[in-house]
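In the working numbering, the protein residues as written are 346 to 814.
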């Protein structure tokens with residue numbers, strides 16, 4: 346309850362930094378990866394290189410300075426009973442360790458946020474909310490995973506600006522009692538130039554030169570210097586193949602699970618792994634994407650019982666499993682549509698509003714693919730902003746509970762009754778509703794409740810105007 350009220354207040358008053366995507370409704374890890382990859386590929390189109398620093402905050406949650414957190418809460422406007430509740434929730438917390446039958450003495454925790462608490466994530470967002478403002482180069486933050494980058498034709502200029510940001514970040518961490526892990530903080534240069542790729546750039550933190558990582562891992566994705574995502578997709582293929590082999594052990598030609606069970610196992614256990622950051626996979630080459638498509642080809646042949654010579658498309662139709670290519674396109678469109686409907690202060694919304702295509706290289710970015718798909722499918726341009734929070738209705742306000750009527754005012758049998766009598770009874774039921782109400786009629790059906798589905802909607806307003814779809 347406390348966490349819901351606090352988080353609603355932070356979001357409805359736009360307190361949280363737009364560069365932070367962690368633990369926030371309507372935002373995902375792929376948002377930060379999409380923006381980083383888009384900036385890198387746009388740099389490729391302009392013959393520029395992007396130098397990125399991946400910062401590791403050591404034990405970030407366990408090092409939160411509680412007095413500093415309380416001070417920041419007051420600074421953003423959290424006062425009164427909520428502030429007092431959080432204050433007494435944090436202070437005088439005891440810790441005790443048990444080993445076998447021995448129990449240590451109790452110690453008071455001076456730092457850190459309580460593990461397992463729903464407030465832990467929200468309070469952490471407040472504590473590092475001012476961190477992005479310290480970094481002057483471009484940045485993306487997902488909880489405590491920070492990446493900052495700069496794009497330029499001359500990597501030396503990027504190095505100078507990033508070194509300045511590293512100094513600012515070091516001073517920030519010293520002030521707020523955070524610690525940067527120098528051994529795990531690495532940098533990488535994304536470039537098409539083999540000459541630039543071979544050079545080592547001097548980036549230092551507290552006098553220690555940062556290690557150059559050829560294939561850094563950010564939010565679970567392996568990023569190579571040309572953003573071909575070859576290593577990432579090969580890793581996904583290897584892990585997916587291992588899972589598929591386990592699924593294959595559950596059935597044979599004469600025994601085992603049925604088709605529907607195997608299908609659900611594949612979708613939930615194997616395909617879910619291959620679809621991590623699905624939209625980002627679309628920027629990879631066809632050769633790399635075929636590696637994952639072959640895994641699905643094996644799966645649908647196995648599930649449907651088809652021979653090797655059976656076309657994969659036929660097996661996908663038989664099992665009602667969508668091709669991965671279609672799912673990648675859908676993921677790109679959904680992601681970009683979500684950005685277009687985001688608040689204008691969102692960095693990804695700003696990126697989309699200002700982006701202009703350039704076709705110097707054949708390599709496509711997420712925005713290039715989204716533009717192509719929008720023209721192909723004739724998507725509308727008029728967008729309505731998504732509203733994840735209603736500022737006028739706080740979560741602690743009691744909501745009106747609708748009285749849902751599931752029966753007509755007169756008993757009648759839909760299957761065996763006279764259609765005319767059913768229509769008259771339905772109309773009598775509708776006449777009992779107030780005239781100033783908006784009437785919404787919906788219907789939908791699907792073959793066996795799973796495939797070839799369709800729906801219809803009719804909205805009728807008090808002035809008798811209507812909308813149908």
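Glycine included, every Cβ here is placed at the ideal spot set by N, Cα and C. Here the structure is a predicted model, which is why all the values come from computation and not from measurement.
Query, Result
"Quick check: is any heavy atom of the ligand NAD less than 7 Å from the C-beta of residue 405?", "This structure lacks the ligand NAD; in fact it carries no ligand of any kind."
"Consult DSSP for residue 596 and reduce its assignment to one of helix, strand or coil.", "strand"
"Would you call the region 516-527 in contact with the region 406-420, where contact means no fewer than 3 C-beta pairs closer than 8 Å?", "yes"
"Among 792, 472 and 461, which one has its Cα closest to the Cα of residue 421?", "472"
"If the criterion is Cβ atoms closer than 8 Å, does the pair residue 664 and residue 534 meet it?", "no"
"Which residue wins for smallest C-alpha separation from residue 515, given the options 476, 537 and 377?", "476"
"Within the same chain, show all residues whose beta-carbon is closer than 6 Å to that of residue 700, passing over the 5 residues directly before and after it, in chain order.", "712"
"Alpha carbon to alpha carbon, what distance is there between residue 382 and residue 720?", "22 Å"
"Tell me which residues share the same chain as residue 441 and place their Cβ nearer than 7 Å to its Cβ, disregarding the 5 neighbours each side in the sequence.", "448, 449 and 451"
"What is the rounded straight-line gap between the Cα of residue 629 and the Cα of residue 597?", "35 Å"
"Can you name the residues that DSSP bridges to residue 394?", "497"
"Are the CB atoms of residue 768 and residue 715 within a distance shorter than 8 Å?", "no"
"Is DSSP giving residue 354 helix, strand or coil here?", "helix"
"For residue 480, name the three-state secondary structure that DSSP assigns.", "coil"
"Looking at the strands, I want to know which residues DSSP matches up with residue 517.", "According to DSSP, which records beta bridges pairwise, residue 517 is partnered with nothing at all."
"Alpha carbons only, please: which of 592, 571, 570 and 562 is nearest the one belonging to residue 580?", "562"
"What's the call for residue 622, buried or exposed, on a 16-neighbour Cβ count within 10 Å?", "buried"
"What is the residue span of the beta strand (DSSP E) that residue 790 lies within?", "784-792"
"Could you name the residues that DSSP lists as bridge partners for residue 447?", "444"
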